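*Asks:* Take a look at the following structure, please.
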């Protein structure tokens, strides 16, 4: 079981690194969206500092959506998804491996990019670790949600916008707890509360999400 | 090879697609060493039936069982006893032919990538990405995975498409070896004569 997980994870990582342009898209999107705000608002440091955390969170949500909405489509188009569904690997394990691979290559770089952008919003340095940690805790849940949407819409040619409609409302708790953590820490208060809640959601999503994704894939492929 | 005498059984299978009945009341039983050829005009429902037999789709009514278990709810460890090769080749375009085979072997538990590549005259393309293969070579690579793992049941959707006469001969040879080892196969084809053999079940849709 563990080895099948590793085999699928390695396959998806290898494919991802051979398609670097697709890898870079969500990152560039994140960078561009986040840097449009200082242009649209004003370069006033105090104002940017106020909206910074919120803007970065929304940009991160949208670019993870962009990164993961096609999670199953390439495999569905070339027939390897139906082979995976028929393989002696539980579909939930396969789904978790694919989500993990895509999280590693598209979402983790985004978290690493965060401090650079936070700097352009004049966010205080001590907020950065909390923001990065909150993103690290929130993105697994987010990835599972997007993957669920991707699985449900796998047979649709253009599922992207529908996934947005399906998934973005469900991401509200992540956004609320995530920005709350940044807010608390920027006022020098402990941000453990919202971080615990994000961690609890991540455990819930990673434990049960793959089973839901497996069921959705079965419906989606029929 | 390993068959344990599993039987594929279809009971009163009916399939409706897009508000139209493709066929109904289909019954057959396929035991070890038996071949079923699925023939019928385009749009008769051959591919749909094969997907149902493989457990990828549900029949509108009736049931398909493999060794007594409905194919749609086979436990993962039993799913590997049915090999389905459809119109899509299941190859990742960004992996090399060898990597594709290696992945298949790792997941299903098999070996012998080089032997199979040699048999199909694909050794020269082993380290070529699948996207650069011709349609016939892709078909060869997709069918190559059949020989990596010993699978009691083969479900093939027009396997001869795009193959040259040499490739067709290889596949014919594989099918007859598979059957003589006690495997069984359901094959959709437009040239039933090519694969026909005494005792083969012909299902006309």
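Protein chains in written order, with the working numbering: chain A, 1 to 222; chain B, 1 to 205.
Heads up, the beta-carbon is just placed ideally off N, CA and C, and yes, glycines get one too.
Just so you know, these numbers come straight off a predicted model, no measurement behind them.
(1) At the 7 Å Cβ level, is residue 92/B part of the contact set with chain A, yes or no?
(2) Closest to residue 92/A by CA distance: which of 186/A, 51/A and 5/A is it?
(3) Are the segment 47–55 of chain B and the segment 11–22 of chain B touching, with three or more C-beta to C-beta distances below 8 Å?
(4) Over what stretch of residues does the alpha helix (DSSP H) that includes residue 196/A continue unbroken?
(5) Pick helix, strand or coil for residue 28/B, following the three-state DSSP scheme.
(6) Mind listing the chain B neighbours of residue 221/A? Cutoff is C-beta to C-beta under 7 Å, in chain order.
(7) Which residues mark the beginning and the end of the alpha helix (DSSP H) in which residue 119/A is found?
(8) Under 8 Å Cβ-Cβ, which residues of chain B neighbour residue 98/A?
(9) In terms of residue numbering, what span does the beta strand (DSSP E) encompassing residue 11/B cover?
(10) Using DSSP with H/G/I as helix, E/B as strand and the rest coil, what is residue 136/B?
(11) What are the boundary residues of the beta strand (DSSP E) that includes residue 63/B?
(12) Below 6 Å CB to CB, which residues in the same chain sit around residue 108/B once its five sequence neighbours on both sides are set aside?
(13) Buried or exposed, going by whether 16 or more other CB atoms sit within 10 Å of the CB of residue 38/A?
(14) Decide if the segment 55–64 of chain B is in contact with the segment 91–99 of chain B; the criterion is three or more beta carbon pairs, one per stretch, under 8 Å apart.
(15) Is the beta carbon of residue 191/A sitting closer than 7 Å to the one on residue 130/A?
(16) Where does residue 96/B fall in DSSP's three states?
(17) CB-CB under 6 Å to residue 9/B, same chain, minus the five flanking residues each way: which ones, in chain order?
(18) Quick one: residues in its chain with C-beta nearer than 6 Å to the C-beta of residue 61/A, no 5 flanking neighbours on either side, listed in chain order?
(19) Under 8 Å between beta-carbons, which chain A residues line up against residue 89/B? List them in chain order, please.
(20) Starting from the beta carbon of residue 86/B, find every residue of chain A whose beta carbon is closer than 8 Å, and list them in chain order.
(21) Kindly identify the DSSP beta-bridge partner or partners of residue 35/B.
(22) Comparing the C-beta of residue 17/B with each C-beta of chain A, is any distance below 7 Å?
(23) Is the shortest distance between the beta-carbon of residue 7/A and the beta-carbons of chain B less than 7 Å?
(24) Could you work out which residue in 150/A, 210/A and 55/A is closest to residue 175/A when comparing CA atoms only?
(25) Would you kindly work out how many angstroms separate the C-alpha atoms of residue 192/B and residue 69/A, rounded to a whole number?
(26) Considering only residues of the segment 93–180 of chain A, which uninterrupted alpha helix (DSSP H) runs meet the minimum length of 4 residues and lie entirely inside it, listed in chain order?
(27) Exposed or buried, what is residue 1/A when buried is set at 16 or more other beta-carbons lying within 10 Å of its beta-carbon?
*Replies:* Concretely, from the data shown:
(1) yes
(2) 5/A
(3) yes
(4) 192–221
(5) strand
(6) 56
(7) 108–120
(8) Ordered by position in chain B, no residue passes the 8 Å Cβ test against residue 98/A, which lies about 13 Å from the chain.
(9) 8–17
(10) helix
(11) 61–66
(12) 80 and 149
(13) buried
(14) no
(15) yes
(16) strand
(17) 29 and 65
(18) 171
(19) 78 and 79
(20) 79 and 82
(21) 185/B
(22) no
(23) yes
(24) 55/A
(25) 42 Å
(26) 108–120, 127–152 and 160–167
(27) Confidence is the limiting factor: at residue 1/A the pLDDT is only 47, short of 50, which leaves the residue's position unreliable and the question unanswerable from this model.
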